[in-house]
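Going down the list, the protein sequences come from chains A and B.
Going by our numbering, the letters in the first sequence line up with residues 1 to 102, in that order.
Going by our numbering, the letters in the second sequence line up with residues 1001 to 1102, in that order.
So the structure is just underneath, and the comments pick up after that.
Protein chains: 2
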Amino acid sequence: MARLFHHPATEDISIDGVLYALADPTRRGIVAKLATCSGINCSQACEELPPSTVSHHHRILRESGLIRSEKKGVEVINSLRRSDIDSRFPGLLDAILNQSTA
Amino acid sequence: MARLFHHPATEDISIDGVLYALADPTRRGIVAKLATCSGINCSQACEELPPSTVSHHHRILRESGLIRSEKKGVEVINSLRRSDIDSRFPGLLDAILNQSTA
């Protein structure tokens, strides 16, 4: 059975949802990791956390519009919706990621 | 009886708390209003909201380190901790406020 993921359209991405999603250090870490690659699976993103926690964080990131999740074979590959976020909120993602890596 | 407000030290202001506080449109509105003035009382900041809601939002903003509340006579005057936030997280506040007024 295929798992279907809901992704908000770019114009429906809200700053409330993006800021809430990024107000958590684990989720900022996932986004920072995805910002440096083209797509990784959930367990690669958070090797030290239990799967249910990892899944929870990815769901919040996906529903906020920050990431895209795609099933490829037996894996779920997540990628950052960088151009969608940057077009919706110019400069915001960099301003936040620059802080969390400081 | 004097009301005492707790304000975190600048070095204790966390990006988690700031992003969470700003993930709400009413609180972003308060911060945007405070960014344009030297200090206003709570009811001036949110004329359309009930006092308990206004108080709740100001408490979250204060505890995150975004605003300072000071009792002056019978009023509580709130002001933005702009230099504290800017020194702690350079560029972050502007990046967020620029979006919410777009």
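Glycine included, C-beta positions come from ideal geometry on N, C-alpha and C.
Because the structure is a prediction, the values reported are computed rather than measured.
Judged by pairs of C-beta atoms under 8 Å, the segment 1056-1064 of chain B touches the segment 1017-1034 of chain B, as three or more such pairs exist. By a beta-carbon distance limit of 8 Å, Leu-1092/B does not contact Leu-19/A. Their separation comes to about 11 Å.
Distance from the CA of Phe-1005/B to the CA of Asp-94/A, rounded to the nearest whole angstrom, comes to 33 Å. Shown here for Glu-1063/B: not one same chain residue has a beta carbon closer than 6 Å to its own, the five before and five after excluded. Neighbours of Gly-1091/B across chain A, judged by C-beta separation under 9 Å: Gly-91, Asp-94, Ala-95, Asn-98 and Gln-99.
The DSSP-derived three-state label of Glu-70/A is strand.
Spatial neighbours of Leu-1034/B in its own chain (CB-CB distance under 8 Å, excluding positions within 5 residues in sequence) are listed in chain order as Ile-1040, Ala-1045, Ile-1067, Asn-1078, Ser-1079 and Leu-1080. Judged by DSSP secondary structure, Leu-80/A falls within the beta strand (DSSP E) whose first and last residues are 75-80. Using a Cβ-Cβ cut-off of 8 Å, Leu-1022/B is close to Leu-19 of chain A, given in chain order. Counting the other CB atoms within 10 Å of its CB gives Val-74/A a total below 16, which places it among the exposed residues. Counting along the chain, Pro-1008/B sits inside no alpha helix (DSSP H), nor does DSSP assign it H or E at all. At a cut-off of 7 Å between beta carbons, Asp-16/A contacts chain B.
For Leu-1061/B and Gly-1017/B, the gap between their C-alpha atoms comes out near 9 Å. The three-state reading of DSSP puts Ile-1013/B in coil, since its state is none of H, G, I, E or B. Identification of chain A residues near Pro-1025/B by a Cβ-Cβ cut-off of 7 Å yields Asp-16, ordered along the chain. By a beta-carbon distance limit of 8 Å, Thr-10/A contacts Asp-84/A. Their separation comes to about 4 Å. Annotation for Pro-8/A: Gly-65 place their beta carbon closer than 6 Å to its own, counting only its chain and skipping 5 residues before and after.
Pairing Leu-1049/B with Lys-1072/B, the inter-Cα distance amounts to about 22 Å.
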